[in-house]
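Chains B and R supply the protein sequences, listed in that same order. In our numbering, each residue carries its 1-based index in the first sequence increased by 163. In our numbering, each residue carries its 1-based index in the second sequence increased by 23. The C-beta atom is built at its ideal place from N, Cα and C for all residues, glycine as well. In this text, all values refer to a predicted model and were calculated from it rather than measured experimentally. Down below is the structure, laid out as structure tokens.
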Amino acid sequence: MILISKKNEKKNGYTVLELLFYISFFIVLSLVVISTMITMARAFQETAIQTELIQGGNIMERMSREIRAASDINSITASDLVLQTKDQNGANKTLEFLLSGSDVQLLENNVLTGNLNTPNIIVTALGFTQITTVRGKAIRILLTVKHKNNISGNTQNFYNTIVLRGSY
Amino acid sequence: MKKNSKNNGFMAVEILIAVSIIAVSILAAMAVAQKAVSVSRQAFHATQAGFLLEEGAENTRIMRDDSWDSVTALNSSEQIDIFTRTIVASSVNRDNTSKDISSAGINDPGTKLITVTVSWPEGGMTISKTLQFYIMDIFL
């Protein structure tokens with residue numbers, strides 16, 4: 164009897180120490196796992212935001228191409244540009260880039276064709292500046308975009324300057 | 024009892040190994056996630072830098088349209104957000120007989136080689152993109 168009880172006592176003591184060790188191990192491990200999951204979720208979100216923000220480049224690309232093909236500037240203000248250009252049949256056409264709220268609108272012959280940005284992209288600033296040279300005209304563009312899910316509210320700038328090839 | 028304690032010891036080692044395997048794989052996954060973020064950020068900066076390169080080329084064209092002398096003297100450097108843009112004009116030689124651009128031959132004052140470089144810091148390193156083109160004084 165005495166022998167058995169002694170045996171039991173010894174065994175119990177060992178298990179409690181072991182348990183303590185395991186529990187602390189488990190706590191540390193689960194903390195690491197949780198922090199990793201949070202980090203990975205953030206990383207995924209940030210990657211998704213960056214991918215959509217690159218769209219700002221697509222807006223810039225579209226404006227650059229249209230400005231390059233244009234023959235003249237009809238009117239220009241900081242956030243509204245009207246270009247004189249030609250369609251594929253050679254007929255005269257006006258193209259307008261307008262910052263309306265947080266969207267960049269494209270108007271052809273004063274008819275709205277749509278927004279250049281997707282709903283997730285907020286255009287916080289659009290600036291056109293005219294540069295007149297001895298031989299022709301050029302336009303400097305500043306485009307500032309941010310993502311609507313971006314908690315930190317970081318904005319990204321795109322800069323470009325395009326010479327109107329039709330103005331020579 | 025001896026048997027039990029032996030068995031327990033074996034379990035502890037087993038768990039230690041399992042935990043270290045899990046920890047290593049978690050660290051690896053975390054490293055991958057962080058790499059993904061830095062790569063996508065780098066891609067974004069590369070897009071912005073592409074437009075700055077284009078702008079540098081167009082600015083040179085504007086200078087050419089205004090006065091060829093300002094293109095000849097071009098050697099500028101400016102800071103735009105995180106980007107540094109330098110525009111440098113260097114002289115161009117032409118072969119005397121074929122009039123083609125070549126390293127030998129005589130200097131052509133009406134042609135310049137423009138090098139636009141945009142560089143920016145990225146995770147402790149400096150990344151740069153370069154655009155080279157020839158520009159000619161077509162309004163002689």
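Test item: CB-CB of residue i and residue j under 7 Å
i	j	result
Ser330(B)	Lys309(B)	no
Thr296(B)	Asp160(R)	no
Ser61(R)	Thr210(B)	no
Arg87(R)	Ile137(R)	no
Arg225(B)	Leu305(B)	no
Ala206(B)	Ala56(R)	yes
Asn317(B)	Thr307(B)	no
Gln268(B)	Leu258(B)	no
Thr214(B)	Ala233(B)	no
Val42(R)	Leu192(B)	yes
Glu78(R)	Thr324(B)	yes
Arg231(B)	Arg328(B)	yes
Asn98(R)	Ser114(R)	no
Neighbour-count burial assignment, residue i, 16 or more Cβ in a 10 Å radius
i	result
Glu81(R)	buried
Tyr322(B)	buried
Asn273(B)	exposed
Glu101(R)	exposed
Ser121(R)	exposed
Lys311(B)	exposed
Ile85(R)	buried
Ala72(R)	buried
Lys25(R)	Here Lys25(R) scores only 46 on pLDDT, less than 50, and its place in the model should not be relied on; the value that follows carries that caveat. Burial call: exposed.
Phe106(R)	buried
Lys58(R)	exposed
Gly220(B)	buried
Ser180(B)	According to the sequence displayed, residue 180(B) carries Leu and not Ser. Label assigned to Leu180(B): exposed.
Phe170(R)	What is shown of chain R runs 24 to 163, which leaves residue 170(R) out entirely.
Ile44(R)	exposed
Phe112(R)	Correcting the residue identity first, residue 112(R) is Ala in this sequence and not Phe. Buried.
Leu163(R)	exposed
Separation of residue j from residue i, as counted between CA atoms
i	j	result
Asp104(R)	Gly290(B)	16 Å
Met200(B)	Thr70(R)	30 Å
Ile285(B)	Tyr185(B)	50 Å
Gln218(B)	Ile239(B)	24 Å
Thr178(B)	Met148(R)	53 Å
Gln155(R)	Leu244(B)	31 Å
Met34(R)	Ile197(B)	25 Å
Ile302(B)	Thr292(B)	6 Å
Val326(B)	Gln251(B)	21 Å
Pro282(B)	Thr202(B)	27 Å
Ile38(R)	Leu182(B)	13 Å
Thr109(R)	Asn313(B)	32 Å
Ala241(B)	Pro132(R)	39 Å
Trp164(R)	Phe189(B)	As displayed, chain R neither begins before 24 nor continues past 163, which places residue 164(R) out of reach and without an answer.
Thr153(R)	Ile40(R)	50 Å
Ala96(R)	Glu145(R)	31 Å
Ile236(B)	Gly277(B)	21 Å
Phe141(R)	Val36(R)	According to the sequence shown, residue 141(R) is Val rather than Phe. In a straight line, the C-alpha of Val141(R) is about 55 Å away from that of Val36(R).
Ala46(R)	Ser263(B)	51 Å
Asn27(R)	Ala54(R)	Confidence at Asn27(R) is low in this model, with a pLDDT of 49, below 50, so the placement of that residue is unreliable and no value is reported for it.
Leu261(B)	Met223(B)	13 Å
Asp118(R)	Arg298(B)	30 Å
Ser93(R)	Asn116(R)	19 Å
Glu172(B)	Leu194(B)	Residue placement at Glu172(B) cannot be trusted, given a pLDDT of 49 that sits under 50; the coordinates are not used to answer.
Ala204(B)	Ser151(R)	31 Å
Ser315(B)	Ile212(B)	12 Å
Asp76(R)	Gly253(B)	The identity of residue 76(R) in the sequence shown is Leu, whereas the question assumes Asp. Their backbone Cα atoms lie some 31 Å apart in a straight line.
Ser265(B)	Leu216(B)	14 Å
Asn255(B)	Gln208(B)	45 Å
Leu246(B)	Trp91(R)	28 Å
Residue i Cβ short of 6 Å to the ligand GDP heavy atom set
i	result
Ile197(B)	In the structure shown, the ligand GDP is absent, as is every other ligand, since no ligand is present at all.
(Q) Could you check whether the stretch 48-58 of chain R touches the stretch 124-132 of chain R, counting it as contact only if at least three pairs of C-beta atoms, one from each stretch, sit closer than 8 Å? (A) no
Q: Could you please tell me which residues of the stretch 134-150 of chain R, in chain order, have their CB closer than 7 Å to any CB of chain B?
A: none
Q) Name the residues in the stretch 183-198 of chain B whose C-beta lies less than 8 Å from a C-beta of chain R; which are they? A) Phe184, Tyr185, Phe188, Leu192, Val195, Val196
Q. Along the stretch 36-50 of chain R, what residues have a CB closer than 9 Å to any CB found in chain B?
A. Ile38, Leu39, Val42, Ile45, Ala46, Ile49, Leu50
Q.
Along the stretch 82-116 of chain R, where does the CB come closer than 7 Å to a CB of chain B? Name the residues.
A. Asn82, Arg84, Ile85, Asp88, Asp89, Ile103, Asp104
Q: Please list the residues of the stretch 54-75 of chain R that have a C-beta atom closer than 8 Å to any C-beta atom in chain B, keeping them in chain order.
A: Ala56, Gln57, Ala59, Val60, Ser63, Arg64, Ala66, Phe67, Thr70, Gln71, Gly73, Phe74, Leu75
**Q.** Positions along the stretch 203-221 of chain B whose CB lies within less than 7 Å of some CB in chain R
**A.** Met203, Ala206, Glu209, Thr210, Gln213, Thr214, Leu216, Ile217, Gly220
**Q.** Residues of the stretch 310-328 of chain B with Cβ closer than 8 Å to any Cβ of chain R, in chain order
**A.** Gln319, Asn320, Phe321, Tyr322, Asn323, Thr324, Ile325, Val326
(Q) Short of 7 Å Cβ to Cβ, which residues in the stretch 293-308 of chain B face chain R? (A) Ile294, Thr296, Val297, Arg298, Gly299, Ala301
Q.
Please list, in chain order, the residues of the stretch 221-236 of chain B that have any C-beta partner in chain R closer than 8 Å.
A. Met223, Ser227
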